[in-house]
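Using the UniProt record's numbering, read the sequence shown as starting at 1 and increasing by one per residue. All C-beta atoms in this analysis are idealised placements derived from N, C-alpha and C, irrespective of residue type, glycine included. In this text the structure is predicted, and so the values were computed from the model without any measurement. The structure appears below as structure tokens.
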Amino acid sequence: MQLLLISESACVCTMLSTCSHQGGELSDLAALLLQEESALHINTAPVTPIATNSYIQGATTIPLLTKTVSQCLEETAHRFPDREALVFCRDGVRKTFAQFIQEVDQAAAGLLAIGLKKGDRLGMWGPNKYEWVLMQFATAQAGIILVSVNPAYQAQELEFVIKKVGCKALVFPTQFKTQRYYEILKQTCPELEKSSPGGIKSKRLPNLSIVITLDSKLPGAFQMSEVMQAGDSSHMKQLRDVQQTLSCNEPVNIQFTSGTTGSPKGATLSHKNIVNNANLIGLRLGVDQQESRTALPVPLYHCLGSVGGAMVMAVHGAPAIFSSLSFEGKAVLEAVAQEKCSLLHGTPTMFIDMLSQPEFDSYDISSLRGGVIAGSPVPPEIMKKIMTKMNMRDIVVSQFPCLGLSCLGRVFHPPPRPHTLPVGPGNLSMCDLCTERWNWRLPE
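Okay, structure coming up:
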């Protein structure tokens, strides 16, 4: 088996080299990428491919951080107390770092007050709302593990993930679009309606005892406003004591895979994982060099929203701007124009939708300079339009270039001598701080 440990910069270099040696749109794209000095680390393409040996070590010049999520937020709030941290355009919510960290502490103390403790799992199920990010950081403050739940899940899928990770609490709005969350949960947990808040005893969901709704007061559930008021000075002291015990190596978030090759797996992420991922993303986008406002139409339950957006906000102090509860191309353009966003994250289909808006040319999006495009391969003609029509010269393609290749290999015995071999057929193994720590409740 060949081991390939590769850095992001090597991937980009290889991509540029491939583009520059092909004709037509790919060659034009390579020329456009290298036309002017960029905030990104890579501005020249190698003549020959970088990967020759089967073991590659990435850049080691940037020291890894050994901080917890709560430490990052506290440090950033101390540096920029009056700077905007979060803007939710559709709901009219604006929070400075000082306001946000105060509410995070209040929410964390409230979670402890209603019976949650360090190591418990809390599922966040819903669209892009302020309370999603509030729970993301409140759970991290209290040592509770946040479980990112797809807002489109139906009863069977919801039951699977709650049972898989043993969620003790579940947080959701009453309804979003056609999703009636309370009614969906009742299909799996009929005991909810006759339970007291915090006292659910479910036959099919034995670990679930606490349900929190963001808006309406419903039978068997706490309302978010009640949680925010539940903590007192004793719970705040308990919170500080818990924070003293937190390690950056402990799990902080479980994100489920899509289930393409089987049942969804709970990828378990540590504080160290997402803090360093967010730090490197921010450095890659140059947010440490200039104040940047990031437009985030991507869902928070996905890592690009919660880590590439909300965590970059906490680590680097880059305000996160959420245009709407779910993706709407027109709303994104409006948010970029009104909030003067300099960065924009999205998938290729999102960018295609934005570029196709009938009134695209009427929006002043000249403040844009870059962002992240991820999720699927990007057609060269779309990339050219993004860089020229949207002024996003510093866009990062977060799409590993080997993912679309066929898998070729053979069974063989490892060589008797531990020598590094040239690149050959076999498995690709990636090892770094930004990949998952483990799959929850699966053997290694």
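Counting only the same chain and skipping the five closest in sequence on each side, list residues whose C-beta sits under 8 Å from that of residue i.
i	result
leucine 408	At leucine 408 the pLDDT is 42, less than 50, meaning the model places this residue with poor confidence; the figure from the coordinates comes in the next sentence. Within the same chain, leucine 408 has close Cβ partners Pro425.
leucine 116	Leu122, Ala142, Ile144, Lys168, Ala169, Ile210
leucine 283	Ile62
isoleucine 200	Cys189, Glu191, Leu192, Leu208, Ser209, Ile210, Val211, Gly220
methionine 224	Glu131, Val171, Ile212, Thr213, Leu214, Asp215
glycine 404	Any reading at glycine 404 must be qualified, since the residue scores a pLDDT of 38, below 50, and its modelled position is unreliable; the value itself is stated next. Same-chain partners within the cutoff: Pro377.
cysteine 89	Ile321, Phe322, Ser323, Ser324, Ala331, Glu334, Ala335, Gln338, Glu339
Would you decide whether residue i is buried or exposed? Buried here means 16 or more other CB atoms lie within 10 Å of its CB.
i	result
isoleucine 62	exposed
histidine 345	buried
lysine 129	buried
glutamate 245	According to the sequence provided, residue 245 is threonine. The question's glutamate does not apply to it. By the 10 Å Cβ count, threonine 245 comes out exposed.
arginine 293	buried
serine 258	exposed
threonine 139	buried
histidine 419	exposed
glutamate 183	exposed
leucine 421	exposed
lysine 164	buried
aspartate 361	exposed
glutamine 289	exposed
glutamate 159	buried
glutamine 229	exposed
threonine 68	buried
glycine 92	exposed
Enumerate in chain order the residues of its own chain whose CB-to-CB distance from residue i is below 6 Å, with the five nearest sequence positions on each side excluded.
i	result
phenylalanine 172	Trp125, Gly126, Tyr181
aspartate 82	Thr96
alanine 318	Val287, Ser292, Thr294, Val312
leucine 218	Tyr182
proline 299	Gly305
Who are the Cβ neighbours of residue i in its own chain at under 7 Å, not counting the five residues just before and after it?
i	result
arginine 410	In this predicted model, arginine 410 has a pLDDT of only 48, less than 50, meaning its place in the structure is not dependable enough to derive any value.
asparagine 279	Leu65, Val315
leucine 134	Glu103, Val104, Ala107
glutamine 22	Because glutamine 22 sits at a pLDDT of 49, beneath the cut-off of 50, its placement in the model cannot be relied upon, and the following sentence gives the value as read from the coordinates. Excluding sequence neighbours, glutamine 22 sits near nothing in its chain.
glutamine 243	Ser70, Gln141
leucine 112	Ala142, Gly231, His235, Gln238, Leu239
phenylalanine 80	Phe97, Gly317
phenylalanine 327	Pro297, Met350
isoleucine 352	Ile382
So what does DSSP say about residue i, is it helix, strand or coil?
i	result
methionine 124	strand
arginine 180	strand
alanine 221	coil
serine 233	helix
isoleucine 56	coil
asparagine 253	strand
threonine 261	coil
residue 445	Look at the range of the chain in this structure, 1 to 444, and you will see that residue 445 is not part of it.
isoleucine 274	helix
threonine 268	strand
lysine 117	coil
asparagine 439	strand
glycine 199	coil
threonine 76	helix
glutamine 71	helix
glycine 286	coil
glutamine 106	helix
isoleucine 365	coil
Does the distance between the C-beta of residue i and the nearest non-hydrogen atom of the ligand COA fall short of 7 Å?
i	result
alanine 152	In the structure shown, the ligand COA is absent, as is every other ligand, since no ligand is present at all.
Look up residue i in the DSSP assignment and give the residues it is bridged to.
i	result
alanine 320	Leu86, Thr294
glycine 371	Leu344, Ile395
valine 242	DSSP lists no partner for valine 242.
valine 211	Leu170
threonine 96	Glu84
glutamine 175	Arg180
asparagine 279	Answer by DSSP bridge pairing: none, since asparagine 279 is not bridged.
isoleucine 145	Arg121
proline 422	Asn53
Could you give the C-beta distance for residue i and residue j, rounded to a whole number, given that I count them as a contact under 8 Å?
i	j	result
asparagine 249	lysine 265	Rounded, the Cβ-Cβ distance is 20 Å, inconsistent with contact.
proline 251	leucine 239	Between leucine 239 and proline 251 the Cβ distance is about 18 Å, and since that is not below 8 Å, they are no contact.
isoleucine 254	valine 307	Contact doesn't hold; Cβ gap of about 13 Å is too wide.
alanine 98	alanine 77	6 Å
leucine 296	glycine 309	4 Å
leucine 355	asparagine 391	About 12 Å separates the two Cβ atoms, so there is no contact after all.
tyrosine 301	valine 87	That belief does not hold up - the Cβ atoms of tyrosine 301 and valine 87 are roughly 19 Å apart, past 8 Å.
alanine 374	leucine 285	The pair is not a contact, with the Cβ atoms about 13 Å apart (cut-off 8 Å).
glutamate 74	isoleucine 56	The pair is not a contact, with the Cβ atoms about 36 Å apart (cut-off 8 Å).
alanine 337	isoleucine 365	6 Å
glycine 166	isoleucine 114	Actually they do not touch by this definition, with Cβ atoms about 18 Å apart.
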